[in-house]
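Peer 1:
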Ligand SMILES: [Fe+2]
């Protein structure tokens, strides 16, 4: 059994196509999608078209990520204000490019699941953790040992970290396939993994692939997302080019600078001048 595990696409349809065609050449039997299909990169509808096509053509399993949760929650909460700005412009742009079909598709999904096939050991999978779509299962998570301890199978596969990694916890293993769309490290190469299954267990094989980053960068311009979420988009472009993602660092610094100067800060109302200062603090050569 060969299972392609595809996580954190973040609307990067060009990287997604590269991973899918690589997996098909390796004759995978199934695809497991770990969520965060959309947001950050341009034209989410292009990613969703590929997802629907995959669903029709191949045996696929889909779960929901925190980005899909943000979109679903925003639809329910008319008070939440997303403006065109570095803080929330990317979310608003993505939201405006989704269709009813997309929302219905996200709503049907769970945030976790168990893979059960006769002749293979069962394993569990999730976007963040088994209970929260935005929990990071990294070594910094104080709850990680407990989570792995209480796991009722030998393998947990989770996304959201954007880092390809495998960690041992006694006889149990936690594996992250990396991110297709905003991959960390490896010079920004797109990442996914194939799980090779036998009756004895599962072995992961990690891939990092070169793909057409220039076209994605061009789409940031043609789609208009760069004007709607200037520094967030510039940070994402920087991450695509280098594998170094400063979005969270920059958001925190911009909020700190705003609070220092204005006494308070309420996301997403962070003036662009603070984003500009924070951006240049992390990305020196732009
Ligand atoms: Fe995520």
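In my numbering, the protein residues as written are 353 to 638.
We treat Cβ as the ideally placed atom computed from N, Cα and C, and that holds for glycine.
1) For residue 527, write down the residues that DSSP places opposite it in a beta bridge.
2) If I follow the unbroken beta strand (DSSP E) through residue 478, where does it start and stop?
3) Would you be able to state if there are at least three C-beta pairs under 8 Å between the region 514-532 and the region 390-407?
4) What residue from 436, 456 and 439 has the CA that sits closest to residue 425's CA?
5) Should residue 360 and residue 538 be called a contact, given that it needs their Cβ atoms to be closer than 9 Å?
6) With respect to the alpha helix (DSSP H) encompassing residue 405, which residues constitute its N-terminal and C-terminal limits?
7) Cβ of residue 541 within 9 Å of Cβ of residue 510?
8) What would DSSP say about residue 445, mapped onto helix, strand or coil?
9) Quick one, what's near ligand 1 if you take every residue whose CB is closer than 5 Å to any heavy atom, in chain order?
10) What's the gap between the Cα of residue 378 and the Cα of residue 546?
11) Check residue 362 in the structure and name its three-state DSSP category.
12) In angstroms, rounded to a whole number, what distance separates the CA positions of residue 439 and residue 433?
13) Out of curiosity, what's the CA-to-CA distance linking residue 508 and residue 515?
14) Just reading off the alpha helix (DSSP H) that residue 610 is part of, what are its end residues?
15) Are the beta-carbon atoms belonging to residue 592 and residue 602 less than 9 Å from one another?
Peer 2: Looking at the coordinates:
1) For the purposes of this step, residue 527 is taken as the residue at position 175 of the chain shown. DSSP lists 509 and 518 as partners of residue 527.
2) Taking the chain shown and counting its residues from 1, one reaches residue 478 at position 126. First-last of the beta strand (DSSP E) with residue 478: 475-478.
3) no
4) Residue 425 sits at position 73 when you count from the first residue of the chain shown. Minimum Cα distance to residue 425 is reached at 456.
5) The residue labelled residue 360 in the question sits at position 8 within the chain shown. The residue labelled residue 538 in the question sits at position 186 within the chain shown. Taking 9 Å as the Cβ cut-off, residue 360 and residue 538 do not qualify as a contacting pair.
6) As a first step, residue 405 is located in the chain shown; it is residue number 53 there, counting from the start. Element bounds for residue 405: 396-409.
7) Here residue 541 corresponds to residue number 189 of the chain shown, with the count starting at 1. Here residue 510 corresponds to residue number 158 of the chain shown, with the count starting at 1. Against a cut-off of 9 Å, the Cβ pair of residue 510 and residue 541 comes out as no contact.
8) Residue numbering aside, residue 445 sits at position 93 when the chain shown is read from its first letter. Of the three classes helix, strand and coil, the one that applies to residue 445 here is helix, per DSSP.
9) 388, 417, 418 and 512
10) Here residue 378 refers to the residue found at position 26 when the chain shown is read from its first residue. Here residue 546 refers to the residue found at position 194 when the chain shown is read from its first residue. For residue 378 and residue 546, the distance between alpha carbons rounds to 9 Å.
11) As a first step, residue 362 is located in the chain shown; it is residue number 10 there, counting from the start. Residue 362 falls in the coil class under three-state DSSP.
12) One-based indexing of the chain shown puts residue 439 at position 87. One-based indexing of the chain shown puts residue 433 at position 81. Cα-Cα distance, rounded: 11 Å.
13) If you number the chain shown from 1, residue 508 lands on position 156. If you number the chain shown from 1, residue 515 lands on position 163. One C-alpha to the other measures close to 15 Å.
14) Locating residue 610 in the chain shown gives position 258, counting from the first residue. Segment 599-614, the alpha helix (DSSP H) holding residue 610.
15) The residue given as residue 592 occupies position 240 in the chain shown. The residue given as residue 602 occupies position 250 in the chain shown. No.
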